[in-house]
Ligand code: PDD
């Protein structure tokens with residue numbers, strides 16, 4: 001077995017009521033979160049000491065726990081202090097911060113989920129990118145797979161969840177073929193999302209993102225908010241494979257990296273293969289907002305309250 005300290009990045013976790021080094025954070029084997037992926041989570045990032053849109057992430061987390069009929073019992077202020085505490089203890093300036101609630105362990109292994117006691121935990125690790133900053137001009141080369149994203153009639157995608165087998169298969173296919181990541185489709189072969197990101201397509205009419213079968217990403221919401229400021233027409237609509245391939249610009253959005261250009265699909269260039277003008281505008285203003293106190297809050301401010 002690998003040495004935990006060798007395989008874990010630097011980071012801190014909060015579990016069972018205390019802060020511990022990431023490598024020491026463990027859950028019992030009988031937690032339904034592990035055995036059945038019966039869990040929800042949210043990811044927020046910290047950039048240069050400030051959380052970005054923290055309240056929106058916490059809102060989504062609370063909504064997810066409610067939809068799973070295990071409403072989170074921890075109040076917002078305590079949760080914020082725990083998240084900020086993980087970042088502070090890890091000594092990170094910029095971080096990927098995850099809050100998790102699993103169904104927990106049920107007494108004597110009874111199958112009824114209502115009998116379990118939900119478990120809340122959190123951790124912070126160094127900021128991670130789906131597309132690294134230095135590769136921005138190159139952009140992502142994605143594999144358009146024929147893998148169907150788990151349909152909303154099976155698992156509600158607005159509950160952020162660990163049902164990632166379809167996404168992981170997509171990633172493995174993409175890496176095998178030399179692509180950076182993958183895009184999955186829905187039952188009608190319209191595009192959905194990828195492993196950890198939403199998708200946007202730009203044409204002469206404006207900016208579009210799938211309206212169905214996807215996580216309602218906070219970065220996706222941020223693009224809508226920024227589009228208003230920038231006066232760029234934007235809407236949610238089904239996007240076909242043809243529309244994807246003939247787009248003027250494509251970009252991915254995620255807490256793990258922000259707004260990231262997609263310049264190739266299956267190795268073929270999107271438009272001229274350069275980062276598009278709208279993608280650049282969104283990217284610039286998105287990072288500017290990270291310093292703005294109506295969009296972000298500092299770790300120290302949370303911890304000093
Ligand atoms: N993933 N779609 C899926 C399936 C996701 O897991 C994510 C985020 C997104 C983008 O959502 P947001 O803009 O709120 O980050 C879309 C996180 C970052 C992760 O699991 O690493």
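In our numbering, the protein residues as written are 1 to 305.
Glycine is no exception: its CB is placed at the ideal position from the N, C-alpha and C atoms.
If one requires a minimum length of 3 residues, the beta strand (DSSP E) runs lying completely within the region 15-69 are 18-21, 39-47 and 50-52, in chain order. Scanning its chain for C-beta atoms nearer than 8 Å, with the 5 sequence neighbours on each side dropped, one finds around residue 230 the residues 281, 282 and 285, in chain order.
Ranking 136, 99 and 304 by CA distance to the CA of residue 273 puts 136 first. Excluding sequence positions up to five before and after residue 129, its CB lies within less than 6 Å of the CB of 257, all in the same chain and listed in chain order. When only Cα atoms are considered, residue 121 and residue 271 end up about 44 Å apart. When DSSP reads this structure, residue 136 sits in no beta bridge, so it has no partner.
Note that the C-beta distance between residue 53 and residue 295 is below 9 Å. In this structure, residue 63 keeps its C-beta atom at 9 Å or more from the C-beta atom of residue 118. The residue from 268, 75 and 127 with its alpha-carbon nearest to that of residue 244 is 268. A direct Cα-Cα distance of roughly 13 Å separates residue 263 from residue 277.
DSSP places residue 225 inside the alpha helix (DSSP H), whose first and last residues are 218-230.
Just so you know, the alpha carbons of residue 116 and residue 12 end up roughly 26 Å apart.
Between residue 147 and residue 170, the CB-CB gap stays under 9 Å. In the three-state scheme derived from DSSP, where H, G and I count as helix and E and B as strand, residue 260 is classed as strand. Short note on residue 196: C-beta closer than 8 Å to some heavy atom of ligand 1. Across the structure, residue 102 and residue 14 are spaced so that their CA atoms are roughly 14 Å apart.
In its chain, beyond the 5 residues on either side, 80, 81 and 84 have a beta carbon closer than 7 Å to the beta carbon of residue 302. Residue state for residue 273 is assigned as coil, using DSSP reduced to three classes.
By the C-beta density criterion, residue 96 is buried, having at least 16 other C-beta atoms within 10 angstroms. The continuous stretches of beta strand (DSSP E) do not include residue 79, which lies in the alpha helix (DSSP H) extending over residues 76-90. Taking the Cβ of residue 218 as the reference point, at least one heavy atom of ligand 1 falls within a distance shorter than 8 Å. Remark: fewer than three beta-carbon pairs, one from each stretch, lie closer than 8 Å, so the region 150-158 and the region 107-114 are not flagged as touching.
Given a length threshold of 3 residues, each whole run of the beta strand (DSSP E) inside the region 95-160 is given here in chain order: 95-105, 117-126 and 140-148. Across the structure, residue 292 and residue 200 are spaced so that their CA atoms are roughly 25 Å apart.
Residue state for residue 235 is assigned as strand, using DSSP reduced to three classes. Taken through DSSP and simplified to helix, strand or coil, residue 247 comes out as coil. Membership of residue 168 in any beta strand (DSSP E) is not indicated; the residue belongs instead to the alpha helix (DSSP H) covering 165-177.
The three-state secondary structure of residue 8, taken from DSSP, is coil.
If you draw a straight line from the Cα of residue 9 to the Cα of residue 98, it comes to about 14 Å. In the structure shown, residue 254 adopts extended strand secondary structure according to DSSP, grouped into three states. Annotation for residue 183: the continuous beta strand (DSSP E) segment containing it runs 181-185. Bridge partners of residue 191 according to DSSP: 185.
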